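Below is one structure, written out as structure tokens, with a few remarks after it.
Residue numbers (our numbering): -13 to 141.
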């Protein structure tokens, strides 16, 4: 971890689920993920779970993942999953996580806004850009496969 916020792959999968499944199913999957984690099953960063995780420094990021899933899925779906819309979706979806995470980090730790942004956002931007790009590449590769599977299942 870098300070109170760990480096995770969760945001890659939040973005990927949103791009592949749209806003409703991505939101549902995040709701299930948060519920399972809240019940104490160790699905959060560092192999942890429990309600206390929501009250700690990373609680805002968990809520941000949920909103990000919906926003990302909505933008991608609105643009008929065209590349430009997918890129816009993951950029905005990634920023949404920080909109919830950084203020929560500030509130829980008592950091100043500057320190919260420096600890809870700035070090993660390069990695998040790579994960966002990876989500777009993976989604664009997986969509045809999923579409074929869906078509096969419906016939």
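For every residue, glycine included, the Cβ atom is placed at its ideal position computed from N, Cα and C. Please read these numbers as outputs of a predicted model, since none were measured by experiment.
Practice task
Label residue 58 either buried or exposed according to how many other C-beta atoms from any shown protein chain fall within 10 Å of its C-beta, with 16 as the threshold for buried.
Solution key: buried
Exercise for the section: Report the residue from 70, 10, 69 and 106 whose alpha carbon sits nearest the alpha carbon of residue 52. Expected result: 10
Handout entry: Within 9 Å, strictly: CB atoms of residue 46 and residue 91
Key = yes
Problem - Close-in-space but distant-in-sequence residues of the same chain around residue 102 (CB under 8 Å, 5 per side omitted) - result: 88, 89, 91, 92 and 95
Handout entry: Burial state of residue 37 (16 or more Cβ within 10 Å)
Key = exposed
Handout entry: Reduced DSSP secondary structure (H/G/I, E/B, other) of residue 22
Key = helix
Problem - At least three beta-carbon pairs within less than 8 Å, the region 25 to 37 to the region 64 to 81 - result: no
Problem - Cβ-Cβ distance between residue 117 and residue 80 below 9 Å - result: yes
Problem - Residues that DSSP places opposite residue 34 in a beta bridge - result: 30
Practice task
Could you round the C-beta distance between residue 120 and residue -2 to whole angstroms and report it? I think they count as a contact, below 8 Å.
Solution key: 6 Å
Practice task
Would you list, in sequence order, the uninterrupted alpha helix (DSSP H) runs of no fewer than 4 residues that lie entirely inside the region 55 to 130?
Solution key: 69 to 95 and 99 to 106
Exercise for the section: Could you check the C-alpha separation between residue 77 and residue 3 for me, to the nearest Å? Expected result: 15 Å
Exercise for the section: Let me know the secondary structure DSSP gives residue 0 once reduced to three states. Expected result: helix
Exercise for the section: Please determine, among 83, 55 and 28, the residue with the shortest C-alpha to C-alpha distance to residue 110. Expected result: 83
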